[in-house]
Amino acid sequence: MLENKLGIKDAIELARVEERISKRKALAMWSDPEFERLSAGTFSTLAFIHRTLFEDIYEFAGRFRSVNISKGHFRFASALYLREAVETIERLPQSTFDEIIDKYVEMNVAHPFREGNGRSMRLWLDHMLKRELRRVIEWRLVDKGRYLTAMERSPLDVTPIKNLLSDALTASTDDREIFVKGLDASYFYEDYIAYRSADLDEQGRH
Ligand SMILES: Nc1ncnc2c1ncn2[C@@H]1O[C@H](COP(=O)(O)OP(=O)(O)O)[C@@H](O)[C@H]1O
Ligand SMILES: [Mg+2]
18 MLENKLGIKD AIELARVEER ISKRKALAMW SDPEFERLSA GTFSTLAFIH
68 RTLFEDIYEF AGRFRSVNIS KGHFRFASAL YLREAVETIE RLPQSTFDEI
118 IDKYVEMNVA HPFREGNGRS MRLWLDHMLK RELRRVIEWR LVDKGRYLTA
168 MERSPLDVTP IKNLLSDALT ASTDDREIFV KGLDASYFYE DYIAYRSADL
218 DEQGRH
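Start counting the sequence shown at 18; every next residue gets the next number (the numbering used here).
Right, here's the structure in full:
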């Protein structure tokens, strides 16, 4: 279990609180014009997203991890070379769908944060797609099992994740319902299922 600012010692409680707080932050960020204006495809924007979601919960919000991590059989970039890796990734082109997904896959291989890479990076990807192509992913249409399998495969072969995500592209970039449902899908991929964003959104906007 991760050390947290809230002094929570129970993993299940931490997961619930993390979900509630960070979903509310994501909902507020989505309608914030400051977020809209950030540079697309940069690490500073990814760090902004990560910090916004997790700053009330973790000291490491928006900061490079200092430990090495792996998932399944895959070991992400060495903590020692993260800065260099991320600087290289930032310079990758992002003018077509293919280029943007290649960049997303590279940033996933870097996995710059201790936790919360998946959720923050999907918001970063949508920000980049919206800016460059006037499209976003309709995440509720992207099946969890197929998504995770395609991401596991992506360091070796980007075709499955490109096919999966291109089928879920939408031009409705400003549709709040698509975003809100997509946020729940993104959290569902990581097994956070305690809160519906639509309910949090209602409370947050009263
Ligand atoms: N074996 C793997 N190889 C490459 N990427 C993976 C693998 N397993 C998961 N991922 C990616 O890592 C993300 C989860 O990273 P993590 O830091 O735990 O984020 P979060 O805390 O938001 O769940 C997944 O959404 C997926 O995109
Ligand atoms: Mg996780």
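Ideal Cβ placement from N, Cα and C applies to all residues, glycine included.
* Asked: Across which residues does DSSP place LYS289 in a beta bridge pair?
  -> Here the chain comprises residues numbered 18 to 223, so residue 289 is not present and cannot be evaluated.
* Would you check if the distance between the CB atom of TRP156 and the CB atom of ALA185 is smaller than 9 Å? => The criterion of a C-beta distance shorter than 9 Å is satisfied by TRP156 and ALA185.
* For TYR98, count neighbouring Cβ atoms within 10 angstroms of its own Cβ and tell me buried if that reaches 16, exposed if not. => With fewer than 16 other Cβ atoms inside 10 Å of its own Cβ, TYR98 counts as exposed.
* If you count every other CB in all the chains shown that lies within 10 Å of the CB of GLY162, and 16 or more means buried, which is it? -> Looking at its Cβ environment, which holds fewer than 16 other Cβ atoms inside 10 Å, GLY162 is exposed.
* Asked: Does ligand 2 have a heavy atom nearer than 8 Å to the CB of ILE36?
  -> For the sequence presented, residue 36 should be read as Glu rather than Ile. No - ligand 2 has no heavy atom lying nearer than 8 Å to the Cβ of GLU36.
* Asked: How big is the Cα-Cα spacing for ILE117 and PRO177?
  -> Looking at the backbone, the Cα of ILE117 and that of PRO177 are separated by about 15 Å.
* **Residue from ALA211, LEU55, ILE38 with nearest C-alpha to GLU72** => Nearest C-alpha to GLU72: ILE38.
* Classify ILE29 as helix, strand or coil using the three-state DSSP reduction. => When secondary structure is reduced to three states using DSSP, ILE29 falls in the helix class.
* Report the rounded CA-to-CA distance for ILE154 versus ASN21, giving the unit in angstroms. => The C-alpha of ILE154 lies about 31 Å from the C-alpha of ASN21.
* Asked: What separation, rounded to the nearest whole angstrom, lies between the Cα atoms of SER171 and MET46?
  -> Going from the Cα of SER171 to the Cα of MET46 covers about 28 Å.
* Does the beta carbon of ARG136 fall short of 8 Å from some heavy atom of ligand 1? -> Flag set: Cβ of ARG136 near ligand 1.
* Contact check, ARG213 vs ASP201, beta carbons under 9 Å -> It is a contact, given that the beta carbons lie within the stated cut-off.
* Kindly indicate which three-state DSSP category ASN210 falls into: helix, strand or coil? => It should be noted that the sequence gives Ile, not Asn, for residue 210. Coil at ILE210, not helix or strand.
* To do: List the endpoints of the continuous alpha helix (DSSP H) containing GLU116.
  => Membership of GLU116 in the alpha helix (DSSP H) is indicated by the continuous run 114-127.
* Asked: Which same chain residues, not among the five before or five after ALA102, have their C-beta less than 7 Å away from its C-beta?
  -> Around ALA102: ALA94, ALA127.
* **Proximity to ASN125 [Cα-Cα], best of LYS42, ARG54, ALA167** => For the residues LYS42, ARG54, ALA167, the minimum Cα distance to ASN125 belongs to ALA167.
* Beta carbon of LEU44, beta carbon of ASP174: below 9 Å? -> Not a contact, by the Cβ cut-off of 9 Å.
* To do: Go through its chain and collect everything with a Cβ distance to ALA28's Cβ below 7 Å, but skip five positions before and after it.
  => Same-chain partners within the cutoff: MET18.
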